[in-house]
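Top to bottom, those sequences are chains A and B. Residue 150 in my numbering sits at position 150 of the first sequence, and the numbers go up by one each step. Just remember that my numbering sits 314 ahead of the position in the second sequence, which is counted from 1.
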Amino acid sequence: MIEVEDLTKSFSVGGKVLQAVRGVDFVVNQGETVAVVGESGSGKSTIANLLLALEDLTAGSIVFEGRPLTHKRTLSERRDIQMVFQDPHSSFNPRMKMREAMFEPFFVQGIYKTFAEAEPEILESLDLVGLNEEALGRYPHAFSGGQLQRLAIARALLLKPKLLVLDEPLSSLDISLQAQIVQLLANLKKTLNLTLLFITHDLQVVRAFADRVVVLYLGKVMEMGKTELLFKEPHHPYTEVLLSSIPPQNPWDKKEAMAIGDKLPSPFDPPSGCPFRTRCPYVQPQCANPILKKSEGDQVWWCIFDQIPKHPTV
Amino acid sequence: MPLLDVRDLTTVLFARDKDIRVVDRLSFSIEKGKTLAIVGESGCGKTMAALSLLKLIPKELNSQLAGNVFLEETDLLALSPHELQKVRGGEIGFIFQNPKRALNPVFSVGDQLREVLHYRTKLSEGEIDAQVLEALIKVGIASPLEQLSAYPHQLSGGMIQRVMIAMALLLKPKLLIADEPTTAIDSTSQASVLKLLKKLQEEEEMALLLITHDMGVVAEMAHDVMVMYATEGIEKSKVIPLFKKPLHPYTEALFQSRFVGKALPSSIPGAVPSPKNLPTGCHFAPRCPKRFELCDQEVEEAEVRCWLYD
Numbered sequence: 001m002i003e004v005e006d007l008t009k010s011f012s013v014g015g016k017v018l019q020a021v022r023g024v025d026f027v028v029n030q031g032e033t034v035a036v037v038g039e040s041g042s043g044k045s046t047i048a049n050l051l052l053a054l055e056d057l058t059a060g061s062i063v064f065e066g067r068p069l070t071h072k073r074t075l076s077e078r079r080d081i082q083m084v085f086q087d088p089h090s091s092f093n094p095r096m097k098m099r100e101a102m103f104e105p106f107f108v109q110g111i112y113k114t115f116a117e118a119e120p121e122i123l124e125s126l127d128l129v130g131l132n133e134e135a136l137g138r139y140p141h142a143f144s145g146g147q148l149q150r151l152a153i154a155r156a157l158l159l160k161p162k163l164l165v166l167d168e169p170l171s172s173l174d175i176s177l178q179a180q181i182v183q184l185l186a187n188l189k190k191t192l193n194l195t196l197l198f199i200t201h202d203l204q205v206v207r208a209f210a211d212r213v214v215v216l217y218l219g220k221v222m223e224m225g226k227t228e229l230l231f232k233e234p235h236h237p238y239t240e241v242l243l244s245s246i247p248p249q250n251p252w253d254k255k256e257a258m259a260i261g262d263k264l265p266s267p268f269d270p271p272s273g274c275p276f277r278t279r280c281p282y283v284q285p286q287c288a289n290p291i292l293k294k295s296e297g298d299q300v301w302w303c304i305f306d307q308i309p310k311h312p313t314v
Numbered sequence: 315m316p317l318l319d320v321r322d323l324t325t326v327l328f329a330r331d332k333d334i335r336v337v338d339r340l341s342f343s344i345e346k347g348k349t350l351a352i353v354g355e356s357g358c359g360k361t362m363a364a365l366s367l368l369k370l371i372p373k374e375l376n377s378q379l380a381g382n383v384f385l386e387e388t389d390l391l392a393l394s395p396h397e398l399q400k401v402r403g404g405e406i407g408f409i410f411q412n413p414k415r416a417l418n419p420v421f422s423v424g425d426q427l428r429e430v431l432h433y434r435t436k437l438s439e440g441e442i443d444a445q446v447l448e449a450l451i452k453v454g455i456a457s458p459l460e461q462l463s464a465y466p467h468q469l470s471g472g473m474i475q476r477v478m479i480a481m482a483l484l485l486k487p488k489l490l491i492a493d494e495p496t497t498a499i500d501s502t503s504q505a506s507v508l509k510l511l512k513k514l515q516e517e518e519e520m521a522l523l524l525i526t527h528d529m530g531v532v533a534e535m536a537h538d539v540m541v542m543y544a545t546e547g548i549e550k551s552k553v554i555p556l557f558k559k560p561l562h563p564y565t566e567a568l569f570q571s572r573f574v575g576k577a578l579p580s581s582i583p584g585a586v587p588s589p590k591n592l593p594t595g596c597h598f599a600p601r602c603p604k605r606f607e608l609c610d611q612e613v614e615e616a617e618v619r620c621w622l623y624d
């Protein structure tokens with residue numbers, strides 16, 4: 001459905017060049033849920049913004065259903081990809097009642113001129129997320145975070161997008177609400193045949209929810225593959241580190257998390273070769289030239305090793 | 315004797331039209347060198363309880379506290395403001411959820427660490443510098459000398475949380491209260507910050523009061539657990555029995571809402587009631603799948619506060 005090739009974005013900050021995304025390739029197939037994971041600063045959100053044309057590409061291409069997309073998009077191209085942001089409180093205008101906020105997409109797209117015309121579709125969308133007409137008369141501040149995130153999803157669905165991009169949609173929510181929203185998304189995906197690109201740093205959510213995973217580090221893909229295989233047998237040391245940082249399920253199965261230090265190298269001057277080599281426990285001189293490797297199960301990783309070594313070198 | 319013994323701690327806020335009880339007769343204790351985790355959804359009163367221990371609730375909320383907070387033999391709630399000020403950051407350290415907001419953006423990390431010792435001790439400049447440096451080394455900050463002159467915005471979330479821990483440790487507290495210390499930072503940093511807290515706790519025999527909503531963090535860190543719901547403590551247990559068999563239906567529901575393995579978790583229907591408008595009887599009853607007639611009546615304080623275990 002969407003094919004991203006050599007996606008690159010640099011920002012110029014105070015005369016220096018910050019390379020947020022550096023040559024990322026991946027595809028999202030129709031009906032799939034793909035998770036993009038990585039630490040903060042890995043370029044996850046920038047990828048979302050590029051897909052939505054909120055930023056323009058420095059280089060590379062985005063092909064959606066066979067058509068290349070630039071950052072100048074037609075109304076229908078914009079309709080096809082919609083986004084849900086991390087903080088629902090800041091993604092609604094505080095001075096707009098829900099009635100206006102929900103009508104706005106139709107107005108901007110020129111689909112309907114009056115609220116009355118849009119109302120049946122708005123109500124249908126609210127119903128999908130378990131809310132009703134009563135919500136329309138209220139301002140954003142009158143909702144809880146969970147309700148507001150459901151409204152943000154309802155609003156994103158109004159234009160019947162083919163791809164829904166979710167940028168950390170759970171991280172500002174409480175535990176039991178996270179479960180609620182993930183269930184809602186899983187149901188919507190089934191009923192509406194949606195394709196989802198899910199950006200998150202929470203690997204436990206990824207495991208329960210995503211079909212495939214893209215692991216990013218400093219703007220580059222380290223590894224990607226089917227969720228189940230990747231969790232069972234990571235091939236890139238960075239994936240292994242991420243997996244080892246998941247807190248234990250029970251107090252009796254604690255395991256030692258791999259220590260790699262807190263400090264991400266500066267994105268202004270990322271390490272050459274494999275960007276993870278400055279923190280990698282298995283670093284070798286050859287890491288200056290990582291190799292693209294593939295396994296049978298579609299797993300792809302950039303590393304010098306076929307398999308993660310058993311013992312750290314540092 | 316426990317290091318911290320809290321009995322019937324109650325916090326009431328006097329709002330314009332109504333008195334709001336945000337912490338209701340909370341009792342718990344922490345032994346020297348042990349970790350107690352307080353868990354629950356947001357809005358259950360976890361943070362209010364922690365702030366109440368040191369009378370740290372903002373003035374404008376007009377709070378009134380009742381009960382006792384014994385730190386060894388001293389009842390903190392009975393201390394004069396001046397005496398209590400010595401305990402804050404002294405015998406009891408505090409670290410907060412969002413470390414970026416806890417530091418002043420216009421002073422260097424080193425200045426802010428030094429300030430603590432200037433204000434609280436009579437050490438000489440040289441001794442202060444030495445102790446600050448030692449604290450940064452202890453919390454595992456790479457190139458500590460350089461970091462002294464760094465400003466908060468130059469550090470990552472994980473590093474700032476380490477600085478906050480270093481700051482809290484300067485006065486060698488017997489108890490460290492950590493309110494969601496890893497919620498705002500990355501998962502790789504979370505793992506290393508938790509590891510650090512554990513190591514320091516063992517070395518210094520420091521007790522830890524950990525506030526969190528993450529059962530994974532509880533599993534990693536806690537010896538004892540108190541589950542809070544709608545202003546009350548509803549289940550108290552050692553950590554292993556709690557994970558083997560949670561008893562209160564709310565605790566059970568919390569466990570079921572975790573993301574574990576490949577299955578989608580189930581959510582708890584409804585929301586935490588506002589302390590302005592609590593249901594009578596068991597506060598969890600309206601959301602509880604196991605409720606029965608008795609649940610309309612108030613449950614006595616107990617290890618498991620539920621009529622099923624009466």
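Glycine residues also receive a C-beta, built at the ideal position from the N, C-alpha and C atoms. Just so it is clear, the structure is predicted and the values come from calculations on it, not from any experiment.
Exercise for the section: For C303/A, name the three-state secondary structure that DSSP assigns. Expected result: strand
Problem - Neighbouring residues, chain B, relative to H201/A (Cβ below 8 Å) - result: D500, S501
Practice task
Express the C-alpha separation of Y238/A and C303/A in angstroms, rounding to a whole number.
Solution key: 10 Å
Handout entry: Beta-carbon gap between V430/B and G403/B smaller than 9 Å
Key = Yes, they are a contact pair.
Problem - Span separating the alpha-carbon of Q316/A from that of E223/A - result: A question about residue 316/A goes unanswered here, because the residues of chain A that appear run from 1 up to 314.
Practice task
Tell me, please, which residues DSSP counts as bridged to L522/B.
Solution key: For L522/B, which the question treats as bridged, DSSP gives the partners T349/B, L490/B.
Problem - Terminal residues of the alpha helix (DSSP H) in which G440/B lies - result: In this chain, the alpha helix (DSSP H) harbouring G440/B covers 439-452.
Practice task
Check distances from the C-beta atoms of the segment 152-175 of chain A to those of chain B and list, in chain order, the residues that come in under 7 Å.
Solution key: D174, I175
Exercise for the section: Evaluate contact between the segment 120-131 of chain A and the segment 54-67 of chain A, counting only Cβ atoms and requiring at least three cross-stretch pairs below 8 Å. Expected result: no
Practice task
Work out the CA separation of F342/B and P487/B for me, nearest whole Å.
Solution key: 19 Å
Practice task
Report the option in T325/B, C620/B, K373/B whose CA atom is closest to the CA atom of D333/B.
Solution key: T325/B
Problem - Short-range partners of chain B found in the segment 206-221 of chain A, where Cβ spacing is below 8 Å - result: R207, A208, F209
Practice task
Please classify K550/B: does DSSP put it in a helix, a strand, or coil?
Solution key: strand
Problem - Listed by chain order, chain B residues near V241/A by CB distance under 8 Å - result: T502
Handout entry: Paired residues, beta bridge with I199/A - DSSP
Key = V36/A, D167/A
Practice task
Would you mind stating whether Q475/B and P495/B have Cβ atoms separated by less than 9 Å?
Solution key: yes
Practice task
Report the residue from I451/B, P395/B, D493/B whose alpha carbon sits nearest the alpha carbon of P413/B.
Solution key: D493/B
Exercise for the section: Pull up the CB-CB distance for L242/A and L216/A, whole angstroms please, since I reckon it's below 8 Å. Expected result: Their Cβ separation, rounded to whole angstroms, is 10 Å, which puts L242/A and L216/A out of contact at 8 Å.
Exercise for the section: Assess, as a yes-or-no matter, whether the segment 499-507 of chain B is touched by the segment 415-428 of chain B under the definition of 3 or more beta carbon pairs within less than 8 Å. Expected result: no
Practice task
Starting from V225/A, follow its DSSP beta bridges and name the residues at the other end.
Solution key: The residue asked about is misnamed: residue 225/A is Gly in this sequence, not Val. V213/A, per the DSSP bridge assignment.
Practice task
Use the C-beta contact count for L316/A: other C-beta atoms within 10 angstroms, 16 or more gives buried, fewer gives exposed.
Solution key: Residue numbering for chain A in the displayed model covers 1 to 314; residue 316/A lies beyond these limits and cannot be assessed.
Handout entry: CA nearest to the CA of S571/B, picked from Q183/A, N289/A, I308/A, Q307/A
Key = Q183/A
Exercise for the section: Run the CB neighbour count on N591/B, radius 10 Å, all protein chains shown included, and call it buried at 16 or more, exposed below. Expected result: exposed
Problem - DSSP beta-bridge partners of K220/A - result: Y217/A
Exercise for the section: Locate the alpha helix (DSSP H) running through Y433/B, then write down its first and last residues. Expected result: 423-434
Practice task
Run down chain B in chain order and give the residues with a C-beta less than 7 Å from the C-beta of A373/A.
Solution key: Residue 373/A falls outside the range modelled here, since chain A spans only 1 to 314, and no answer is possible.
Problem - Any alpha helix (DSSP H) of 4 or more consecutive residues that is wholly inside the segment 451-515 of chain B - result: 458-462, 471-483
Handout entry: Any C-beta of chain B under 9 Å from that of V63/A
Key = No, V63/A does not count as interfacial toward chain B.
Handout entry: Length at least 4, wholly inside the segment 58-136 of chain A: the alpha helix (DSSP H) runs in chain order
Key = 75-80, 98-108, 115-128
Practice task
Just grab the DSSP bridge partners of E5/A for me.
Solution key: S61/A
Handout entry: Contacts of Q180/A in chain B (Cβ-Cβ under 7 Å)
Key = S581
Handout entry: First and last residue of the uninterrupted beta strand (DSSP E) at Q399/B
Key = Looking at the DSSP string, Q399/B is not in any beta strand (DSSP E); the run it does join, the alpha helix (DSSP H), is 395-401.
Problem - C-beta contact flag for H201/A and S91/A at 9 Å - result: Not in contact: H201/A and S91/A (Cβ atoms no closer than 9 Å).
Exercise for the section: Provide the residue(s) that pair with K294/A in DSSP beta bridges, ordered along the chain. Expected result: V300/A
Handout entry: Cβ pair I582/B, R605/B closer than 9 Å
Key = no
Exercise for the section: Buried or exposed for V401/B, please, with buried defined as at least 16 other CB atoms from any protein chain shown within 10 angstroms of its CB. Expected result: buried
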